[in-house]
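Scroll down for the structure; my scribbles are underneath it.
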């Protein structure tokens with residue numbers, strides 16, 4: 001672990017059975033790529049998570065992606081006790097079973113209107129996430145300026161459809177209201193009667209989960225794996241998915257070092 005680990009990390013190592021390890025997917029377990037459909041977990045990820053999952057109370061992936069997609073792209077089905085909360089917590093994958101509410105009716109309007117709204121914007125992509133739609137500007141000539149130009153019309157379309165806009169780095173996601181990563185993580189911590197928590201994320205949508213860690217009253221650790229373009233207060237800052245997995249591996253090492261022989 002780090003040379004002077006935060007108290008939250010010490011609590012996880014001292015009492016791993018009470019620990020919840022929460023993780024975003026894109027930018028945290030998977031490197032960011034131009035085409036979201038090409039995203040895959042870092043090669044070291046499955047082994048590290050399988051190892052850690054056998055040591056702690058629970059590993060939970062909280063992602064904006066469909067839960068089943070995160071399981072597939074992350075090769076996560078073999079992680080012991082893994083739970084994936086997809087679409088910011090609207091979906092739940094556990095032990096091969098997927099639970100999800102009906103699709104929001106406003107998505108039909110967005111699915112029809114969003115491609116027309118971005119027509120003519122070079123490099124802008126629309127992603128259909130089944131229960132949400134996203135506009136990506138990463139491949140535009142000026143990603144930030146394009147994102148800003150689209151922010152207002154996208155918000156207007158979302159409002160008409162009864163959806164909310166979740167902003168991120170070079171992305172605007174239109175999704176159902178009523179749930180975010182913080183709410184999803186908080187509910188999971190209560191469900192598991194957690195005694196400590198770590199959450200790692202890389203983008204604006206993860207800030208609610210960071211806030212949930214701080215509000216939980218538990219010994220907690222926030223880990224930021226994103227870029228310096230996003231200002232975040234976190235206990236530990238690492239360099240992308242390799243840094244996250246190195247940290248998780250060091251936690252597993254420390255737990256095994258503390259175990260009775």
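Residue numbers (UniProt numbering): 1 to 261. The beta carbon of each residue, even a glycine, is placed where N, CA and C say it ideally should be. The structure presented is a predicted model; accordingly, all values stated were derived computationally and were not measured.
Handout entry: Pairwise C-alpha distance: residue 72 and residue 37
Key = 11 Å
Practice task
State the CB to CB distance for the pair residue 126 and residue 146, rounded to an integer number of angstroms; the pair is presumed to be in contact (CB under 8 Å).
Solution key: Rounded, the Cβ-Cβ distance is 13 Å, inconsistent with contact.
Problem - Contact belief for residue 47 with residue 66 at Cβ below 8 Å, rounded distance in angstroms - result: Not really, about 24 Å apart at Cβ, beyond 8 Å.
Handout entry: Burial state of residue 186 (16 or more Cβ within 10 Å)
Key = buried
Practice task
Mind checking who residue 133 pairs with in its DSSP beta bridge?
Solution key: 128, 174
Practice task
Would you tell me roughly how many angstroms separate the C-alpha atoms of residue 39 and residue 75, rounded to the nearest one?
Solution key: 12 Å
Handout entry: Neighbourhood of residue 109 by C-beta, 7 Å cutoff - its chain only, sequence neighbours within 5 removed
Key = For residue 109, where only same-chain residues beyond five positions count, the Cβ hits under 7 Å are 160, 161.
Practice task
Classify residue 231 as buried or exposed, calling it buried when 16 or more other Cβ atoms lie within 10 Å of its own Cβ.
Solution key: exposed
Practice task
Measure the CB-CB distance between residue 208 and residue 180 and report whether it falls below 9 Å.
Solution key: Taking 9 Å as the cut-off, the beta carbon of residue 208 is found closer than this to the beta carbon of residue 180.
Problem - Nearest-angstrom Cα separation, counted from residue 119 out to residue 18 - result: 50 Å
Practice task
Check whether the region 78-98 touches the region 151-158, counting contact only when three or more Cβ pairs, one atom from each stretch, lie closer than 8 Å.
Solution key: no
Practice task
Give a yes or no on whether the C-beta atoms belonging to residue 173 and residue 129 are separated by under 9 Å.
Solution key: Closer than 9 Å, so yes.
Practice task
Flag this pair as yes or no: are the beta carbons of residue 195 and residue 11 separated by less than 9 Å?
Solution key: yes
Handout entry: Bridge-paired residues (DSSP) for residue 275
Key = Residue 275 lies beyond the residue range present for the chain, which begins at 1 and ends at 261; the question has no answer from this structure.
Handout entry: For residue 200: DSSP bridge partner residues
Key = 23, 223
Exercise for the section: Please determine, among 6, 102, 43, the residue with the shortest C-alpha to C-alpha distance to residue 176. Expected result: 102
Problem - alpha helix (DSSP H) segment containing residue 47, residue limits - result: 45-53
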